[in-house]
Amino acid sequence: MQVKNKKQLENAMARVRRKYVAQHVYLLKDSKQLLRFTDSIFVEFKTEPADEIVSAFAQKYGLVVQTRMLSVIVFKITNNTGMNPVKFVRALNEDMPNGVKRVEHSFFYNIKVI
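Numbering of the sequence shown is given in this note's numbering, commencing with residue 544 and proceeding in unit increments.
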């Protein structure tokens, strides 16, 4: 989908997000590589959290647990989260939930192999 301005972009994204999790793709200026954020995030807790803590965190933010690795939990963003992964990670980092050490994006680059 191609749009001509920011308002068209936000309207188009809002239409898509009614049904799907959607986010922007970024073109890195210098390398011309595409940077794509996935619908997953990494949350590192200060200590290994009990199952009830993980469940409460997931329920509060509309997340689904994908993988547990000691104190790091990989969550999937859902439509119930209410925002795309980039905005969600930024919001959590600006107001770090109690017991959380850090929150990171999951992303990948499209790399040309010659």
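Every residue, glycine too, gets a C-beta built ideally from N, C-alpha and C.
Subject >> Selection from 633, 577 and 628 that minimises the alpha carbon distance to residue 568 >> reply: Working through the sequence shown from its first residue, we reach residue 568 at position 25. Minimum Cα distance to residue 568 is reached at 577.
Original post:
Counting along the chain, where does the alpha helix (DSSP H) carrying residue 602 start and finish?
Top reply: Along the sequence shown, one-based indexing puts residue 602 at 59. Segment 594 to 604, the alpha helix (DSSP H) holding residue 602.
Subject >> Contact between the region 602 to 620 and the region 546 to 559 (3+ Cβ pairs under 8 Å) >> reply: no
Subject >> Beta-carbon proximity list for residue 636, same chain, < 7 Å, skipping 5 on both sides >> reply: As a position in the sequence shown, residue 636 is number 93, starting the count at 1. Taken in chain order, the residues that qualify are 646.
Subject >> Beta-carbon gap between residue 588 and residue 632 smaller than 7 Å >> reply: As a first step, residue 588 is located in the sequence shown; it is residue number 45 there, counting from the start. As a first step, residue 632 is located in the sequence shown; it is residue number 89 there, counting from the start. Contact flag unset, no.
Original post:
So what's residue 613 in DSSP terms, helix, strand or just coil?
Top reply: Taking the sequence shown and counting its residues from 1, one reaches residue 613 at position 70. Reduced to three states, the DSSP call for residue 613 is coil.
Subject >> Under 7 Å between C-beta atoms of residue 629 and residue 585 >> reply: In the sequence shown, the residue the question calls residue 629 occupies position 86. In the sequence shown, the residue the question calls residue 585 occupies position 42. Not closer than 7 Å, so no.
Subject >> Identified DSSP bridge partners for residue 619 >> reply: For the purposes of this step, residue 619 is identified with residue 76 of the sequence shown, where counting begins at 1. BP columns for residue 619 point to 583 and 607.
Subject >> Coarse secondary structure for residue 647, derived from DSSP in three states >> reply: On the sequence shown, residue 647 is found 104 positions in, with the first residue counted as 1. Strand at residue 647.
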